[in-house]
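First up is the structure itself, then whatever we jot down about it.
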Amino acid sequence: MDHPALTETTYYILLSLYHPRHGYGIMQETQQLSGGRVRLAAGTLYGALNALCEKGWISPLPMESGSRKKEYQLTAEGLAVLKHELARLQQLVANGESILKEE
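For what it's worth, the numbering used here labels the leading residue of the sequence shown as 98, then goes sequentially.
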């Protein structure tokens, strides 16, 4: 399966869902993990979550009775995409380090 390069936002959303979270938790975790570079507005986040659900990379958890918080989790396919992206990023770093250490 061929995986396209992920945007930083998508990467951090998937990474934040290694453990199931609700929307606000995803917003907080992505901001923390990215050192503040990724700050998600609610509309952006929920659009991204819908797109990731359609791709099958994440899925909503069943909602508890009376709860308004929808939690999401990474699927097996989403985990594979995340691992593929991590390997791609590691290769980018290794290539850059090998070239730049020649200076």
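The beta-carbon is built from N, C-alpha and C at its ideal position, and this holds for glycine as well. Remember, predicted model here, so these are calculated numbers, not experimental data.
Does the beta-carbon distance from residue i to residue j come in below 7 Å?
{"i": "residue 116", "j": "residue 178", "result": "no"}
{"i": "residue 154", "j": "residue 174", "result": "yes"}
{"i": "residue 103", "j": "residue 151", "result": "no"}
{"i": "residue 149", "j": "residue 120", "result": "no"}
Specify, as a first and last residue, the run of the beta strand (DSSP E) that residue i falls within.
{"i": "residue 156", "result": "155 to 157"}
{"i": "residue 171", "result": "168 to 171"}
What do you get for residue i, buried or exposed, if any count of 16 or more other CB atoms within 10 angstroms of its CB means buried?
{"i": "residue 160", "result": "exposed"}
{"i": "residue 186", "result": "exposed"}
Could you please give the first and the last residue of the uninterrupted alpha helix (DSSP H) stretch that includes residue i?
{"i": "residue 104", "result": "Residue 104 -> no alpha helix (DSSP H), and no H or E assigned at all."}
{"i": "residue 148", "result": "139 to 152"}
{"i": "residue 114", "result": "Note, residue 114: premise wrong, no alpha helix (DSSP H); not H, not E."}
{"i": "residue 124", "result": "120 to 130"}
Nearest by alpha-carbon distance to residue i: which of the options is it?
{"i": "residue 156", "options": "145, 163, 171", "result": "171"}
{"i": "residue 108", "options": "191, 162, 192, 184", "result": "184"}
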